[in-house]
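Report on one structure; see the data block that follows.
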Amino acid sequence: MPGTPETPQAARQVSDAPSPRRLLSTEKVYEGRIWDVVSDSFQLSEAGESLTRDYIDHPGAVAVLPMNDAGEVLLIRQYRHPVGMDLWEIPAGLLDVEGEDFVVGAARELAEEADLAAGEWNVLADFFNSPGSSSEAIRIYLARGLTEVPHHERHERTDEEAEIEFHWIPLDDAVASVLEGRLHNPSAVVGILAAAAAKADGFAGLRPADSPWTAHPSQR
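By full-length UniProt numbering, the letter at position 14 of the sequence shown is numbered 14, and the numbering carries on one by one without gaps.
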């Protein structure tokens, strides 16, 4: 109720944490080109009944919100077949290169999808894309100090990426697009809102780019 003092329980820091459970069996029920579907049986407690959950076993991904010196952010438009829509997104890609550093992967995606390199990197946010059905973990970076990749070094985009369009937009306008329901890509939505919140202290509170990412399955 409004005005009710916080209890010690409510005053505790809110933080997600690993919670190992007893795994009874695991089986790959579908092997895909990018990710697999796994069926796990487990117990919530030692005396609990067996539960079975099917989920996508995903390598994870990184996304980048590029911001120029004028405070504008770059959005890219790309067709997404599962939803049958052209979506305004931010550069992003799978962590499908074994052993690749997360920031290196993000820099690779920024170069391949936006023809940009960045001299300043920070972590904006970490999230699970759909934790009820997928292990996909995503880290979003804020990239500043931007320069263009030389033409002779640019990645040749194919398939859906060949249709990518660029649009620089003031951060406040991007926030309005989210709140008015005009943007739907989760990395873009989370990245834009996180950047708007971080702008309040001039981005001084953001984590360094090499901050631990313990929620990513590869780090547990």
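We treat Cβ as the ideally placed atom computed from N, Cα and C, and that holds for glycine.
| query | result |
| --- | --- |
| Which residues DSSP lists as bridging leucine 23, in chain order | Phe42 |
| Cα-Cα separation, valine 64 to tyrosine 141 | 5 Å |
| Start-end ranges of the beta strand (DSSP E) lying completely within the UniProt domain "Nudix hydrolase" (57-196), minimum 3 residues | 61-66, 72-80, 85-89, 92-94, 116-128, 137-148, 165-170 |
| Selection from Val62, Lys199, Gly32 that minimises the alpha carbon distance to valine 103 | Val62 |
| Local conformation of serine 15 per DSSP, three classes | coil |
| Which listed residue (Pro170, Thr26, Leu110, Ser130) has its alpha carbon closest to that of lysine 199 | Pro170 |
| Nearest neighbour of glycine 132, chosen from Arg220, Ser218, Arg53, Ser45 [CA to CA] | Arg53 |
| Assigned exposure category for alanine 143 - 16 Cβ within 10 Å defines buried | buried |
| For phenylalanine 128 and serine 41, the rounded distance between their alpha carbons | 21 Å |
| Candidates Ser134, Ala107, Val189, of which the one nearest aspartate 36 by Cα | Ser134 |
| Buried versus exposed call for serine 45 [16 or more other C-beta atoms within 10 Å across all chains shown] | exposed |
| Assigned secondary structure, serine 50 (DSSP; H/G/I helix, E/B strand, else coil) | strand |
| Sufficient close CB pairs (3 or more, under 8 Å) joining the stretch 187-206 to the stretch 85-94 | yes |
| Proline 208, DSSP secondary structure in three states | strand |
| Proximity winner among Glu31, Ser50, Asp16, Val178, relative to aspartate 57 (alpha-carbon distances) | Glu31 |
| Isoleucine 164 beta carbon less than 8 Å from that of glutamate 113 | yes |
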